[in-house]
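Take a look at the structure set out below.
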Amino acid sequence: MKINTFVEELKGKSQQELNEELVAAKKELFNLRFQNATNQLENTSRIKEVRRNIARIQTMITASK
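For the sequence shown, the numbering used here assigns the number 2 to the initial residue and increments by one for each residue that follows.
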């Protein structure tokens, strides 16, 4: 259910907004990986979730071209 709402939000965004969302997600992934490497990350499943969200954003960018 949560995934469907995320995808619906992406469908309503412009190309520029999708690119900004992608940059933000990549920064978040970097920070999560850094926290994981220093043993500060409590919820490791968040890395997987962010990676999948990045793929969803990239798919929407490709589909909107």
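We put the beta carbon where it would ideally sit given N, CA and C, even for glycine.
By the criterion of a C-beta distance shorter than 8 Å, glutamate 29 is surrounded in its chain by Val51, once the five residues flanking it on both sides are discounted. Counting every other CB atom within 10 Å of its CB across the protein chains shown gives glutamate 22 a total of 16 or more, marking it as buried. Excluding sequence positions up to five before and after arginine 47, its CB lies within less than 7 Å of the CB of Leu33, all in the same chain and listed in chain order.
Between the alpha carbons of isoleucine 62 and asparagine 37 lies a gap of roughly 29 Å. In this structure, DSSP gives asparagine 40 a state outside helix and strand, which the three-state scheme calls coil.
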